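As structure tokens, the structure follows; a few thoughts come after it.
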Amino acid sequence: MGEFDPKAAFTHSPVARLATITPEGAPHLVPVVFAVDQDLVFTAVDAKPKTTQRLQRLSNIESNPHACLLVDHYDDDWTRLWWVRADGDAAIHRDGAAMRTGYRLLRMKYAQYQSVSLNGPVVTVSVRRWSSWHA
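Residue numbers (full-length UniProt numbering): 1 to 135.
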């Protein structure tokens, strides 16, 4: 694999797990697609079928902005295992530059967004700390 670059491994991963904290203090974890620009991670509420766009993760961020994202790679060859975590503060954008940038970066990374509409808010996580492990 050569030199392990945690940020590159994170950035090129197709999916992350977004952890937020409920208003009651419980952890809440969901898989998300995402894009990275420097130390800013973008994810969005898209038009895939959901019961509501008033998602738990949005309520959580509104009451407590602390969040983290985790990407990992599993392989039966345990010398190839790795994970990268981004800890930071989340914000919700319903218009403006962050929303436009998020949509643009997500469309560039995921071909599916040529047919699945991006129509909801963008969540950004301003990463304060990157941590990682690899075999």
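C-beta atoms are modelled at their ideal positions from N, C-alpha and C, and glycine is treated no differently. Quantities reported herein were computed from a predicted structural model and do not represent experimental measurements.
Segment contact: the region 98-111 against the region 70-87, fewer than three CB-CB distances shorter than 8 Å; contact not assigned.
Taking all protein chains shown into account, GLY88 has 16 or more neighbouring C-beta atoms within 10 Å of its C-beta and is therefore buried. Taking C-beta atoms as the reference points, ARG100 and PRO121 fail to come closer than 7 Å.
In summary, ASN119 is exposed, with fewer than 16 beta-carbon neighbours lying within 10 Å of its beta-carbon over all protein chains present. GLU24 is the residue among ARG85, GLU24, PRO6, VAL127 whose C-alpha sits nearest the C-alpha of GLU62. Here LEU29 is exposed. Its C-beta has fewer than 16 other C-beta atoms within 10 Å.
Going by DSSP, LEU58 is part of the alpha helix (DSSP H) stretching over 56-63.
As the crow flies, the alpha-carbon of PHE10 is around 24 Å from that of ASN64. A straight line joining the alpha-carbon of ALA98 with that of ALA90 spans about 12 Å. For ALA97, the enclosing alpha helix (DSSP H) has its first and last residue at 97-109.
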